[in-house]
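2 protein chains.
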Amino acid sequence: MSFKLAFIGFGRVGQSLAGLLNRKRNELKERYDLEPTVVGVSDIQLGSVMDPEGLDLPRLLQHARREGSLRGISAPEKGLSSLDTIRRSSADLVIEVTWSNLADAEPGLSHIRTALKKGCHVVTSNKGPIALKLRELQGLADGNGVQLGFEGTVLSGTPAIRLGREALLGGEILSIEGILNGTTNYILSEMERDVSYEEALEEAKRLGYAEADPTADVEAWDPTAKIVILANALMDCDLRIGDVEREGITGLSKDDLMKAIKQDRRVRLVARAVRTRDGVRASCKPEEIPLTSLLANIHGVTNAVVFGTDVQDEVALIGPGAGPQSAGYALLTDLIAIGRSMKR
Amino acid sequence: MSFKLAFIGFGRVGQSLAGLLNRKRNELKERYDLEPTVVGVSDIQLGSVMDPEGLDLPRLLQHARREGSLRGISAPEKGLSSLDTIRRSSADLVIEVTWSNLADAEPGLSHIRTALKKGCHVVTSNKGPIALKLRELQGLADGNGVQLGFEGTVLSGTPAIRLGREALLGGEILSIEGILNGTTNYILSEMERDVSYEEALEEAKRLGYAEADPTADVEAWDPTAKIVILANALMDCDLRIGDVEREGITGLSKDDLMKAIKQDRRVRLVARAVRTRDGVRASCKPEEIPLTSLLANIHGVTNAVVFGTDVQDEVALIGPGAGPQSAGYALLTDLIAIGRSMKR
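Going down the list, the sequences are from chains U and P. Numbered by the working numbering, the letters in the first sequence go through residues 11 to 354 in order. Numbered by the working numbering, the letters in the second sequence go through residues 11 to 354 in order.
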């Protein structure tokens with residue numbers, strides 16, 4: 011089955027998905043009867059190309075990686091804005107992978123709204139629009155008979171949302187707790203080993219785990235957005251980021267962490283959502299947890315999420331929460347799930 | 011949507027599913043548009059009842075639990091054998107939850123074959139038929155346009171198979187390793203704390219974790235069957251139980267375990283399947299693993315499985331591997347998945 015795609019954003023994550031689509035071309039056809047074709051790419055830095063007959067994926071990747079520009083690619087339409095690319099392309103599915111913004115979720119929010127209203131499926135790893143507007147966007151998708159995939163917004167390619175939605179069928183999720191940010195977990199893991207916060211942060215930057223401005227991570231905005239997404243997606247609620255009790259890790263010293271260890275405890279930045287009589291309450295803050303608990307044994311950049319349900323003891327999922335291949339893979343799982351459902 | 015079910019076996023696991031179906035009646039209708047009706051039950055101890063108009067679920071449970079017999083229930087047809095119940099019932103789906111047998115998989119194998127050939131979907135938690143004959147049974151299901159659910163054969167209600175099949179879409183599973191037997195993991199966890207094998211086994215029996223004859227667990231037959239099921243279901247191979255390098259825990263002393271701890275290692279009964287150039291190689295035997303590894307931090311009756319794929323770092327799933335509610339829940343997830351697909 012032919013499956014037309016448009017990339018809105020073609021940076022690290024978009025290229026990662028494009029690389030997987032290229033590498034797994036035969037597998038996608040044989041296992042899932044899917045033959046994806048890229049009919050448009052629009053990236054604010056690389057430029058924009060559109061061809062309803064399909065663009066050459068290896069060439070796109072080559073130009074993006076080697077030349078840092080798509081301008082050398084010949085195509086019937088070039089230079090369209092991202093919104094015009096969505097409006098005028100023949101895509102069945104739009105891949106929204108522009109930068110994340112937790113203030114007003116733009117430009118991703120407008121991209122996703124425009125695509126859904128036009129009757130395009132959307133897959134995204136962009137946290138902003140999903141953390142801020144999931145209910146609206148899901149309503150738009152349902153109303154237009156299309157699907158919205160956002161597995162990559164939490165735990166990257168580790169399929170936390172699909173585990174909750176597709177695997178824990180018939181179970182009611184009563185609590186979610188997790189380590190949802192690898193950068194801060196790396197810093198805390200280092201600080202336990204007698205490294206200062208500043209040194210650990212520098213090392214995290216050097217390794218590519220932390221950004222130049224680490225605020226989103228160390229002030230817990232990123233994991234706060236993720237617990238909002240998980241709760242809203244899996245616990246049938248409509249939390250806002252401001253509803254979450256949030257505290258970052260900048261107030262912690264290595265002495266705090268080493269003292270905890272001596273008491274058989276570890277400090278972890280724990281994101282939590284719990285169903286109460288009055289709805290779902292969420293927090294994301296440093297907690298001292300017993301060494302024997304699962305989350306205390308999550309080290310470095312690994313992420314973990316633990317689901318409590320009404321049907322059995324807790325189920326935990328552990329895996330990478332970042333990495334370019336992992337982010338592209340999350341989008342691929344959504345894309346396959348949507349492609350499969352289109353054939354039915 | 012009406013959905014007719016027949017229970018073949020109505021012991022602890024079957025009753026657990028029946029209890030969940032009863033308790034979640036409204037939720038199943040509202041969330042999944044499923045209205046399950048039980049049209050037949052056949053159990054070698056409790057007896058057999060069949061009614062195409064539907065049997066009263068609370069009454070079935072009450073008779074099974076309080077009177078240890080279904081003979082007091084009035085129904086149009088009574089006393090049929092399990093095979094005749096399958097042949098003559100109007101069920102859309104057969105729930106096969108008789109006892110497990112890894113030698114010839116009977117009587118479960120005949121039950122499942124008969125149901126699939128008749129065009130009934132099947133869900134089962136019975137390891138024997140799936141460990142011995144998955145390929146044949148899957149072929150029968152495909153050939154008859156029905157589905158075979160067996161989530162409950164490994165990790166009980168912790169959805170390992172669905173994680174591999176439905177969540178890790180488009181990823182190729184290259185390795186599976188896990189702690190797939192709670193009884194032996196409990197015994198090993200105790201032995202590390204200076205408890206002898208015999209004492210730990212007795213305690214496991216007292217707590218209901220181990221059976222009177224513990225051979226299937228302590229000689230590793232049970233986790234061996236489970237790694238065969240996982241590998242065959244998720245790695246596209248056709249392993250037999252005899253292909254697995256198997257070793258139980260009866261040769262271990264508490265000194266072995268405590269000596270390992272002193273070297274920052276733990277002994278765990280690890281089941282493993284790895285894709286090699288010549289196919290999939292599997293083992294299930296005690297291994298000394300570093301304290302820092304995920305499996306070394308799985309204690310007591312908890313189970314864990316770690317998937318290695320071609321697309322990202324390892325993904326681990328941890329949760330209960332047993333328990334009556336958990337076993338019933340595994341069957342419920344299969345039942346919902348099949349019910350949803352019938353509506354499409």
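Where is the CB? At the ideal position from N, CA and C, for every residue including glycine.
- Contact holds between the stretch 149 to 167 of chain U and the stretch 334 to 351 of chain U, because three or more Cβ pairs, one in each stretch, are under 8 Å apart.
- In this structure, U:Val311 is the residue among U:Val311, U:Phe317, U:Asp320 with its C-alpha nearest to the C-alpha of Asp323 (chain P).
- With a 10 Å radius around the Cβ and a threshold of 16 neighbouring Cβ atoms, Ser92 (chain P) comes out buried.
- Runs of the beta strand (DSSP E) lying entirely within the stretch 73 to 150 of chain U, each at least 3 residues long, are 103 to 106, 131 to 134 in chain order.
- Pairing Glu200 (chain P) with Leu304 (chain P), the inter-Cα distance amounts to about 18 Å.
- Under the Cβ criterion of 8 Å, Glu116 (chain U) is not counted among the residues facing chain P.
- Within 10 angstroms of the beta-carbon of Ala113 (chain U) lie fewer than 16 other beta-carbons, which makes it exposed.
- With fewer than 16 neighbouring CB atoms inside 10 Å of its own CB, Ala222 (chain P) falls in the exposed class.
- Below the 7 Å Cβ cutoff, chain U contributes Glu176, Ala177 as neighbours of Arg172 (chain P), in chain order.
- Separation of Pro46 (chain P) and Gln148 (chain U) (C-alpha to C-alpha, rounded to the nearest whole angstrom) is 29 Å.
- Of the candidates P:Cys247, P:Ala85, P:Ile299, P:Asp265, P:Ile299 places its Cα closest to the Cα of Val280 (chain P).
- Under the DSSP definition of a beta bridge, Met60 (chain P) partners with P:Gly50, P:Glu87.
- Beta-bridge analysis with DSSP links Cys294 (chain U) to U:Arg256, U:Ala281.
- In the three-state DSSP reduction, Lys34 (chain P) falls in the coil class, being neither helix nor strand.
- Along the length of the stretch 180 to 239 of chain U, whole alpha helix (DSSP H) runs at least 4 residues long occupy 192 to 201, 207 to 216, 225 to 228, reported in chain order.
- Any Cβ of chain P closer than 8 Å to the Cβ of Pro330 (chain U) would place that residue at the interface, and such an atom is present.
- Per DSSP, the continuous alpha helix (DSSP H) segment holding Thr343 (chain U) begins and ends at 334 to 353.
- Rounded to whole angstroms, the gap between the alpha carbons of Asp43 (chain U) and Glu176 (chain P) is 16 Å.
- Taking C-beta separations shorter than 6 Å and ignoring five residues to either side along the sequence, the partners of Ala170 (chain P) in its chain run Val164, Val315, Leu327, following chain order.
- By the C-beta density criterion, Lys269 (chain U) is exposed, having fewer than 16 other C-beta atoms within 10 angstroms.
- The continuous stretches of beta strand (DSSP E) do not include Ile271 (chain U), which lies in the alpha helix (DSSP H) extending over residues 264 to 272.
- With its beta carbon less than 8 Å from one in chain P, Ile346 (chain U) belongs to the interface.
- Close to Pro169 (chain U), with beta-carbon spacing below 9 Å, are these residues of chain P in chain order: Leu173, Glu176, Ala177, Leu178, Leu179, Val325.
- The shortest C-alpha to C-alpha distance from Val156 (chain U) to any of U:Val49, U:Asp265, U:Ala125 is the one to U:Ala125.
- In this structure, Cys247 (chain U) lies near Val290 (chain U), with their beta-carbon atoms less than 8 Å apart.
- Listed by position along chain U, the residues whose Cβ is nearer than 9 Å to that of Leu342 (chain P) are Leu179, Gly180, Gly181, Val321.
- Look at Ser336 (chain U): its C-beta is under 8 Å from a C-beta on chain P.
- With a cut-off of 8 Å on Cβ pairs, the stretch 70 to 89 of chain P is not in contact with the stretch 211 to 219 of chain U, counting fewer than three such pairs.
- Counting along the chain, Ser12 (chain P) sits inside the beta strand (DSSP E) bounded by residues 12 to 18.
- Within the DSSP secondary-structure output, Leu27 (chain U) pairs in no beta bridge.
- DSSP, reduced to helix, strand and coil, places Glu161 (chain P) within a helical segment of the structure shown.
- Chain order gives no chain U residues near Leu305 (chain P), where near means a beta carbon separation below 7 Å; the closest approach is about 11 Å.
- Between the C-alpha atoms of Ser52 (chain U) and Ile346 (chain U) there is a straight-line separation of about 22 Å.
- Here the stretch 178 to 190 of chain U does not lie against the stretch 249 to 269 of chain U, with fewer than 3 beta-carbon pairs under 8 Å apart.
- Residues Asn242 of the same chain have their beta carbon placed closer than 6 Å to that of Leu144 (chain U), with the five preceding and five following residues left out of the count.
- Judged by DSSP in its simplified three-state form, Asn313 (chain U) adopts strand.
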